């Protein structure tokens, strides 16, 4: 694919991401109308209400482990979505700074023909992961909605009396409903809240990948500049000073990302293990799982595993690019150059902390985190099996 086509693909990807984020009011526009400011509140309240009715179900049926686990995983997903909305909306102002800074950096990199092709080649993996994650989340949400609809429609076709009404989520409301308008309102609310998960998950999680891509792309360009420095360059000192300035700005961007995404990643690290564990347990305890049931569970597990993997993988990508930049610094022969300004500028970058994403200042986001979550999920699964064996 030609470089110009890849650039067009990147621009198109960002436009689609912006539209999806605007659907839930989470894109940091400079001027927001009342509806855009109200959308995050509506999304947060819908997720909080869904979590409440699901947890009611979990508490009432806590003795029935298969039923309890079916609700526990979904409750975790709604709570995660509510947390994402809160963290992004609460930090809207610093998010605007992050967007403005990274957009300026990546636009400058993509306008330079010498390094543009290399930077755009790396975007392909980010895009494929984002598309796969979006498909998993959309399939999971749609399957959760269509499964009860098909169940009720099949009863109508077979003229089953009375009809067994099925809901999108395992929920116990403060009131009782047995069909009619009240049940329709519940079904519409549950369906809309499920699509809130879709739009929030895709916009917030995919944007994390975009931020990491923009930072790593800027680091790639800076590494190229330092590696190809020539003593006879007229703007020798200016290039180095710009690298120092950009590196400090990237450190600030990483700090903003940690502020916004730190609580989200920390929460996901705990809930993802629970969700994966409960879904594996549901499959193992179902004697004759239907095709529809398997589609719902597999899509849900895929979405949950993908969002955790994307964050962990992106963290490792940033760490790798930061290490490559450090190698480019040492390869520039700064210690023996004899240029005082150059050596001072290099020392400023060397003494700064590496560009990595940490979770609430105690754990680095890396692919190792994903492996630990999978190990925890397996441990939880065997614990549930032991509890199930004791109660049976």
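Numbering (our numbering), first residue to last: 10 to 401.
Glycine residues also receive a C-beta, built at the ideal position from the N, C-alpha and C atoms.
Keep in mind that this is a model prediction, so the values were computed, not measured.
| For the 8 Å Cβ check, are there 3 or more pairs between the region 172-183 and the region 48-62? | yes
| field | Nearest candidate by alpha-carbon position, reference residue 324, set 218, 157 and 46 | value | Position 315 of the chain shown, counting from 1, holds the residue named residue 324. Of 218, 157 and 46, the residue nearest in Cα terms is 218.
| What distance in whole Å lies between the Cβ atoms of residue 29 and residue 212, which are believed to be in contact at a cut-off of 8 Å? | Looking up residue 212 in the chain shown gives position 203. Looking up residue 29 in the chain shown gives position 20. Correct: roughly 5 Å between the Cβ atoms.
| said: I'd like to confirm something about residue 372: is its beta-carbon nearer than 8 Å to some heavy atom of the ligand MG, or not? | reply: No copy of the ligand MG appears in this structure; indeed no ligand is present at all.
| message | Taking its Cβ as the centre, do 16 or more other Cβ atoms sit within 10 Å of residue 270, making it buried, or is it exposed? | response | Within the chain shown, the letter at position 261 stands for residue 270. Answer is buried; the Cβ neighbour count reaches 16.
| field | Inter-residue CB distance, residue 92 and residue 265 (contact presumed, cutoff 8 Å) | value | Reading the chain shown from its first residue, position 83 is the one you call residue 92. Reading the chain shown from its first residue, position 256 is the one you call residue 265. The Cβ separation is near 17 Å, so there is no contact.
| task | Go through its chain and collect everything with a Cβ distance to residue 123's Cβ below 8 Å, but skip five positions before and after it. | result | Translated into the one-based positions of the chain shown, residue 123 becomes position 114. Excluding residues within five positions, the ones whose Cβ falls inside 8 Å are 233.
| message | Out of 335, 156, 367 and 198, which one is the CA nearest neighbour of residue 302? | response | One-based indexing of the chain shown puts residue 302 at position 293. Closest by alpha carbon: 156.
| residue 41 to residue 102 span [Cα, whole Å] | Taking the first residue of the chain shown as 1, we reach residue 41 at position 32. Taking the first residue of the chain shown as 1, we reach residue 102 at position 93. For residue 41 and residue 102, the distance between alpha carbons rounds to 12 Å.
| message | On the DSSP bridge list, what partners appear for residue 368? | response | Here residue 368 refers to the residue found at position 359 of the chain shown. According to DSSP, which records beta bridges pairwise, residue 368 is partnered with 372.
| task | Quick one: give me the first and last residue of the alpha helix (DSSP H) that residue 203 is part of. | result | Taking the chain shown and counting its residues from 1, the one referred to as residue 203 is at position 194. Unbroken alpha helix (DSSP H) run through residue 203: 189-236.
| message | If I measure Cβ to Cβ from residue 200 and keep anything under 8 Å in the same chain, skipping five residues before and after, which residues do I get? | response | If you number the chain shown from 1, residue 200 lands on position 191. If we look at residue 200 and ignore the five residues flanking it on each side, its Cβ neighbours are 154 and 177.
| field | Contacts around residue 32, its chain only, beta-carbon distance under 6 Å, and the 5 residues preceding and following it disregarded | value | As a position in the chain shown, residue 32 is number 23, starting the count at 1. Excluding sequence neighbours, residue 32 sits near 208.
| Can the beta-carbon of residue 25 be found less than 9 Å from the beta-carbon of residue 52? | On the chain shown, position 16 is the one that residue 25 refers to. On the chain shown, position 43 is the one that residue 52 refers to. No, the Cβ-Cβ distance between residue 25 and residue 52 is not below 9 Å.
| task | With DSSP as the reference, label residue 362 as helix, strand or coil. | result | As a position in the chain shown, residue 362 is number 353, starting the count at 1. Coil, per DSSP.
| said: Please give me, in chain order, every unbroken run of the beta strand (DSSP E) with length at least 3 that falls completely inside the region 267-355. | reply: none
| Does DSSP put residue 247 in a helix, in a strand, or in coil? | Within the chain shown, numbered from 1, the residue matching residue 247 stands at position 238. Looking at residue 247 - three-state DSSP - the assignment turns out to be helix.
| said: Assuming contact is defined by CB atoms lying nearer than 9 Å, are residue 139 and residue 22 in contact in what I supplied? | reply: For this step, residue 139 is matched to residue 130 along the chain shown. For this step, residue 22 is matched to residue 13 along the chain shown. Yes, these two residues count as a Cβ contact at 9 Å.
| request: Determine the extent of the alpha helix (DSSP H) in which residue 112 is found, giving its start and end residues. | output: Start at 1 with the first residue of the chain shown, and residue 112 comes out as number 103. Unbroken alpha helix (DSSP H) run through residue 112: 101-119.
| Which residues in the same chain have their Cβ closer than 8 Å to the Cβ of residue 172, if we skip the five residues on either side of it in sequence? | Within the chain shown, numbered from 1, the residue matching residue 172 stands at position 163. For residue 172, where only same-chain residues beyond five positions count, the Cβ hits under 8 Å are 161, 164, 165 and 188.
| query | What is the residue span of the alpha helix (DSSP H) that residue 170 lies within? | reply | Taking the chain shown and counting its residues from 1, the one referred to as residue 170 is at position 161. First-last for residue 170: undefined, no H or E at that position.
| Own chain, CB closer than 7 Å to residue 313, minus 5 neighbours either side, in chain order | Along the chain shown, one-based indexing puts residue 313 at 304. Result list for residue 313: 281, 284 and 285, in chain order.
| Cβ-Cβ distance between residue 35 and residue 48 below 9 Å | Counting from 1 along the chain shown, the entry for residue 35 is found at position 26. Counting from 1 along the chain shown, the entry for residue 48 is found at position 39. Cβ distance < 9 Å, so residue 35 and residue 48 count as in contact.
| field | Cβ neighbours of residue 115 in the same chain (closer than 6 Å, five flanking residues each side left out) | value | Here residue 115 corresponds to residue number 106 of the chain shown, with the count starting at 1. Hits under 6 Å: 223 and 226.
| task | Tell me whether the beta-carbon of residue 55 lies closer than 9 Å to the beta-carbon of residue 169. | result | Start at 1 with the first residue of the chain shown, and residue 55 comes out as number 46. Start at 1 with the first residue of the chain shown, and residue 169 comes out as number 160. No, the Cβ-Cβ distance between residue 55 and residue 169 is not below 9 Å.
| request: Answer yes or no: do residue 77 and residue 87 have a C-beta to C-beta separation smaller than 9 Å? | output: Translated into positions along the chain shown, residue 77 becomes position 68. Translated into positions along the chain shown, residue 87 becomes position 78. Contact: no.
| query | In its own chain, which residues sit with a C-beta less than 8 Å from the C-beta of residue 195, not counting the 5 before and 5 after it? | reply | Working through the chain shown from its first residue, we reach residue 195 at position 186. Contacts found: 176, 180, 182 and 186.
| Would you report the Cα separation of residue 297 and residue 151, rounded to the nearest angstrom? | Taking the first residue of the chain shown as 1, we reach residue 297 at position 288. Taking the first residue of the chain shown as 1, we reach residue 151 at position 142. Whole-angstrom Cα-Cα distance: 22 Å.
| said: Distance check for residue 238 and residue 333, CA to CA, integer angstroms please. | reply: Counting from 1 along the chain shown, the entry for residue 333 is found at position 324. Counting from 1 along the chain shown, the entry for residue 238 is found at position 229. Each residue's Cα considered, the two are about 16 Å apart.
| Run through DSSP, which three-state label would residue 40 get? | Counted from its first residue, the chain shown places residue 40 at position 31. It is coil, neither helix nor strand.
| query | If you count every other CB in all the chains shown that lies within 10 Å of the CB of residue 330, and 16 or more means buried, which is it? | reply | Looking up residue 330 in the chain shown gives position 321. That one is buried.
| Thinking just about the alpha-carbon of each residue, which of 130, 14 and 320 is nearest to the one in residue 373? | Within the chain shown, residue 373 is the residue found at index 364, counting from 1. Closest by alpha carbon: 320.
| query | How about residue 380 and residue 289: do their beta carbons lie closer than 9 Å? | reply | In the chain shown, counting from the first residue as 1, residue 380 sits at position 371. In the chain shown, counting from the first residue as 1, residue 289 sits at position 280. No; because the gap between Cβ atoms is not below 9 Å, this pair is not in contact.
| Between residue 39 and the rest of its own chain, which residues show a CB-CB distance below 8 Å, the 5 nearest in sequence each way excluded? | Position 30 of the chain shown, counted from the first residue, corresponds to residue 39. Contacts found: 105.
| Around the Cβ of residue 37, are there at least 16 other Cβ atoms within 10 angstroms (buried) or fewer (exposed)? | Position 28 of the chain shown, counted from the start, is the residue given in the question as residue 37. Label assigned to residue 37: buried.
| query | With distances taken from CA atoms, which of 327, 295 and 276 is nearest residue 5? | reply | For the chain, the structure presents residues 10 to 401; residue 5 sits outside this window and is missing.
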